[in-house]
Amino acid sequence: AFAGRIISEWLTRYLAADTPQGAGPIEHVHVRETGEGKFQNAIQAGGHRLFADEPESVGGFDSGPSPYDFLAIALGACTSMTLRLYAGHKQLTLGRIGVDVSHTKIHAKDCEECTETERGDSRKIDRFERVISIEGEVSEELREKIVEIAGKCPVHRTLETVAKIKTVVK
145 AFAGRIISEW LTRYLAADTP QGAGPIEHVH VRETGEGKFQ NAIQAGGHRL FADEPESVGG
205 FDSGPSPYDF LAIALGACTS MTLRLYAGHK QLTLGRIGVD VSHTKIHAKD CEECTETERG
265 DSRKIDRFER VISIEGEVSE ELREKIVEIA GKCPVHRTLE TVAKIKTVVK
């Protein structure tokens, strides 16, 4: 800890201080290439700083989550927060919530959750698998309710609907 403080104090002489976006709501996230490596990006989200990168196997440094990892992170975090909000609202004693999320691309014809029309598509689709764990005993009735509430997570809803993206180049 002592060495870390000394190095930190020394570095402040040579690095410009971050300029926080302010205490208000985050209006946007800023992502910019670092110039280090092929894919590494520095991210500023409010007062938070982190990196995005690709794994070494595809030419990155693996210095941060990949873009699809960030989508999985958003889904997992939103699911946990949505369930905690629901438990608080219903005054349920719910143990600690954990959410594991994985992402793959599969052929639409292999998608069990897809409609018959969607399965007829020849393209690959993105599939997120979410596994929710709750510490302690959970009744079968509560398990079903947890699945239902998890489906109401705002990020879940966004991923399942068609989002519109407006792009402007400055």
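FYI, the numbering for the sequence shown is 145 to 314, going by the working numbering. For each residue, glycine too, the CB sits at the ideal point set by N, CA and C. Source: prediction; values computed, not measured.
DSSP bridge partner residues for residue i (one or two, in chain order)
i       : result
Gln-188 : His-174, Arg-193
Ile-250 : Ile-269
Ile-150 : Ile-150 pairs with nothing; no bridge assigned.
Val-243 : Ile-276
N-terminal and C-terminal residue of the beta strand (DSSP E) that residue i is part of
i       : result
Lys-268 : 268–278
Lys-289 : Taken as a continuous stretch (DSSP letters only), Lys-289 belongs to no beta strand (DSSP E), being part of the alpha helix (DSSP H) at 284–294.
Enclosing alpha helix (DSSP H) for residue i [first to last residue]
i       : result
Val-312 : It is not in any alpha helix (DSSP H) - Val-312 carries neither H nor E in the DSSP assignment.
Cys-222 : 211–233
Glu-198 : Run containing Glu-198: none; DSSP gives neither H nor E here.
Thr-156 : Counting along the chain, Thr-156 falls outside any alpha helix (DSSP H), and DSSP gives it neither H nor E.
Thr-261 : 260–263
Thr-237 : Taken as a continuous stretch (DSSP letters only), Thr-237 belongs to no alpha helix (DSSP H), as it is neither H nor E.
Rounded separation between residue i and residue j - CA only
i       : j       : result
Gly-346 : Lys-182 : Lying before the first or after the last residue shown, residue 346 is absent from the chain, which here runs from 145 to 314.
Phe-327 : Arg-157 : Past the edges of the chain, shown from 145 to 314, lies residue 327, and the structure says nothing about it.
Gln-165 : Arg-267 : Because the pLDDT of Gln-165 is 49, which lies under 50, any placement of that residue in the model is unreliable, and the question is left without a value.
Cys-222 : Ile-293 : 11 Å
Ile-250 : Ile-151 : 47 Å
Lys-289 : Leu-229 : 13 Å
Asp-254 : Thr-261 : 13 Å
Gly-232 : Thr-226 : 10 Å
Val-312 : Arg-176 : 16 Å
CA nearest to the CA of residue i, picked from the options
i       : options                            : result
Ala-307 : Val-313, Val-299, Lys-314          : Val-299
Asp-270 : Gly-264, Glu-284, Ala-252          : Ala-252
Ser-201 : Ser-210, Gly-191, Thr-311, Val-173 : Ser-210
Ala-189 : Glu-198, Trp-154, His-174          : His-174
Asn-185 : His-172, Gly-191, Thr-226, Phe-205 : Phe-205
Phe-214 : Glu-257, Ile-187, Thr-259          : Ile-187
Ser-224 : Arg-149, Leu-194, Asp-265, Gly-295 : Gly-295
Thr-305 : Val-312, Thr-311, Cys-297          : Cys-297
His-192 : Gln-235, His-172, Ile-309, Thr-311 : His-172
Leu-286 : Lys-314, Thr-259, Lys-234, Lys-310 : Lys-234
Thr-302 : Glu-256, Thr-259, Ala-218, Gly-264 : Ala-218
**Message:** Count Cβ pairs between the region 230–248 and the region 264–284 that sit closer than 8 Å; are there 3 or more?
**Reply:** yes
**Request:** Say whether the region 277–289 touches the region 226–241, bearing in mind that this needs 3 or more beta-carbon pairs closer than 8 Å, one atom from each stretch.
**Result:** yes
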